[in-house]
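Read through the structure below, which is laid out as structure tokens, and then see the notes.
Residue numbers (the UniProt record's numbering), protein chains in the order written: chain A, 1 to 383; chain B, 1 to 289.
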């Protein structure tokens, strides 16, 4: 039987009304917003699952998923499970803002991510207005300067990374001349400012201070200029793939300087892109040196390997720590989100894989890093 | 001076890759008057396929690239076959169709190869050649030679073979070509297959220079497209000159303008196109819109 026009119109109108009634609900007012005491608790994971930064997003997802699965298997929150929904921000701030609106309208209690400072900065005002706590893997000091009580970091900021690095390079190793390459993205700008300030406080001016674009593939020009001055150290302040390309091309052009930088240089992507021989001796500032460092990291690495058949690394560990801090706080608020959850996160003291988390007013929980050295393709503690 | 020469060498290497991508764009445009917006993503599929046969199946690098060229050539045939019913009917829909294929291929690559991407080791272990302080990567020389050979082969195919001549005839006047018994659909299919093969060659060669992930086609596709337009869209020699020009311009802009280099490259590109709207070689090809 063919339905009459009236029937079709009636069904369409009902469907529209249903959609409209859902869309008109106040953010966080539905059952799953965290304020209720039944049903799943919704967490959003926002990270690049496609695009050049998708490796970061893939690691973050694995770390966060592991923490959520362990939480749920241990009984959840009095039987209530946490449900993790993945959003792909493609490493793009504009896509990030659109996702932020979905997260705030979708009744999510908390957000894990993003791994990119620029995307975190773009999403922040929307999440802050809706009082949705989020934890970023980005490390740009610009994020902490936002002063949002709902924004947290799951690792140190560039200031900590680069102050520790500069201290080691200048005071412990006695290096005197430095060249810098950073990119003009959110991460690179933060690294540039932080490392330059750390050098400046030690009365050192870099021989070269070069800025590249985030999409650049050929670095012949900047590297040849740097090679002419033969600095002791080349600081690389870019994400992992670009850092790997810079290291590879630098060695091919005959640059002898020691490479140094923060978290991206500790990843397998950096070493594989550049080639193990080219990254030998790279000095890295990182809060996560190895999977064998502690009993907790061994346990995490074993669970990670069992779940994904891959070696665990820094970004997975960061997301695992960040998610666990949120889950710990969530238990204390009995599933309630918003201001109460944010306050509870700030009050949470957590012994994580990256160290002891204790949050300050700017949402920074880890305040120190360690120095690692790449030897025979593996990151080891520097002596 | 050394900085300038070293920059030139770096620019030419990437320029050769852009040139191959531009050739893929130009060949399809020359034959069909259609911009294949999926060309960049075909480059990426080619890069992934070549890297899989090279790194996972452990085949020699050259063999892996040949297999990738064949596979993406077949992919080109599929795309053309899907779009064929629209030929001569709805040109805009064909354009959107190529964009749709591009999006699909990127999603497909993420499903097959994952989101993380992979670094492809260089097939040549030889150290860079040192010429008076200038360092020339041996792999860069290979890339330049392969790009040159591919261009010569393509020109020979178009000018010296019956099939190539038929494709040229279709490009000039599809109705007249049909009247003399040339199968326009088959000619278009070959253009798509050869264009996709060239894209795979570009992707395969780019692997050891760059990093292979699903978004690789985006940046290479844009630069290749710009190169094709700069040279004269549809012109084979123009694609090569345009590719090398964009590569070199890119490298010099990076040295001089640092973080603003992308902006400078496209401002220069826009100015050149305003002065020479049909590109350096002033190509005028079909427009079936």
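Quick reminder that beta carbons are idealized off the backbone N, C-alpha and C, glycines included.
Asked, Found
"Let me make sure I understand the geometry here. Which of A:59, A:298, A:118, A:44 has the alpha-carbon closest to that of residue 99 (chain A)?", "A:44"
"Comparing the C-beta of residue 244 (chain A) with each C-beta of chain B, is any distance below 9 angstroms?", "yes"
"Hey, would you say residue 198 (chain B) sits closer than 9 angstroms to residue 23 (chain B), going by beta carbons?", "yes"
"Thinking just about the alpha-carbon of each residue, which of A:241, A:364, A:343 is nearest to the one in residue 318 (chain A)?", "A:364"
"Could you have a look at residue 86 (chain A) and say whether DSSP puts it in helix, strand or coil?", "strand"
"Residue 107 (chain B): which of B:263, B:41, B:37 sits nearest, CA to CA?", "B:41"
"With 9 angstroms as the threshold, decide whether the Cβ of residue 42 (chain B) is near any Cβ in chain A.", "no"
"Grab the span of the beta strand (DSSP E) containing residue 356 (chain A) for me, first residue to last.", "356-358"
"If the cut is a Cβ gap below 7 angstroms, which residues of chain B does residue 51 (chain A) touch?", "215"
"Report the residues of the region 6-30 of chain B with a CB closer than 7 angstroms to any CB of chain A, ordered along the chain.", "6, 7, 9, 10, 11, 14"
"Alpha carbon to alpha carbon, how far is residue 221 (chain A) from residue 138 (chain B)?", "18 angstroms"
"Do residue 109 (chain A) and residue 132 (chain A) have their CB atoms nearer than 9 angstroms?", "yes"
"Considering only C-alpha positions, which residue in the set B:88, B:5, B:115 is nearest to residue 216 (chain B)?", "B:115"
"Have a look at residue 280 (chain B) and residue 239 (chain B) and give me their C-alpha separation to the nearest angstrom.", "10 angstroms"
"Under the three-state reduction of DSSP, which class applies to residue 46 (chain B): helix, strand or coil?", "helix"
"Can residue 276 (chain B) and residue 265 (chain B) be called in contact, C-beta distance under 9 angstroms?", "no"
"Which residue marks the beginning of the alpha helix (DSSP H) containing residue 185 (chain A), and which one marks its end?", "Counting along the chain, residue 185 (chain A) falls outside any alpha helix (DSSP H), and DSSP gives it neither H nor E."
"In chain A, which residues lie with their C-beta within 9 angstroms of the C-beta of residue 110 (chain B)?", "49, 50, 54"
"What distance in whole Å lies between the Cβ atoms of residue 64 (chain A) and residue 323 (chain A), which are believed to be in contact at a cut-off of 8 angstroms?", "4 angstroms"
"Under 9 angstroms, do residue 26 (chain B) and residue 190 (chain B) count as touching if we go by C-beta distance?", "no"
"Classify residue 177 (chain B) as helix, strand or coil using the three-state DSSP reduction.", "helix"
"Between A:213, A:205, A:90, A:334, which has its C-alpha nearest residue 81 (chain A)'s C-alpha?", "A:334"
"Please name the residue, chosen from B:149, B:208, B:98, that lies closest to residue 83 (chain B) on a Cα-to-Cα basis.", "B:98"
"Evaluate residue 315 (chain A) with the Cβ neighbour count: other Cβ atoms within 10 Å of its Cβ, from every protein chain shown; 16 or more gives buried, anything less gives exposed.", "buried"
"Could you spell out the range, first to last residue, of the beta strand (DSSP E) harbouring residue 381 (chain A)?", "378-381"
"Would you say the beta carbon of residue 61 (chain B) comes nearer than 8 angstroms to a heavy atom of the ligand MN?", "For the ligand MN, the structure offers nothing, since it holds no ligand at all."
"Can you look up residue 114 (chain A) in the DSSP assignment and give me helix, strand or coil?", "coil"
"What are the residues that DSSP puts in a beta bridge with residue 92 (chain B)?", "DSSP lists no partner for residue 92 (chain B)."
"Cα separation between residue 15 (chain B) and residue 180 (chain A)?", "26 angstroms"
"For a contact defined as C-beta to C-beta under 7 angstroms, what are the partners of residue 213 (chain A) on chain B?", "259, 261, 262"
"For the 8 angstroms Cβ check, are there 3 or more pairs between the region 268-285 of chain A and the region 239-246 of chain A?", "yes"
"Compare the C-alpha of residue 74 (chain B) against each of B:180, B:196, B:272 and name the closest.", "B:196"
"Taking just the CA atoms, how far does residue 111 (chain A) sit from residue 121 (chain A)?", "14 angstroms"
"By the criterion of Cβ-Cβ separation under 8 angstroms, what are the contact partners of residue 103 (chain B) in chain A?", "Here the premise fails: no neighbours, minimum Cβ distance about 10 angstroms."
"Using a Cβ-Cβ distance cut-off of 9 angstroms, determine whether residue 255 (chain B) contacts chain A.", "yes"
"Report the neighbours of residue 210 (chain A) on chain B: residues whose CB is nearer than 7 angstroms to its CB, in chain order.", "258"
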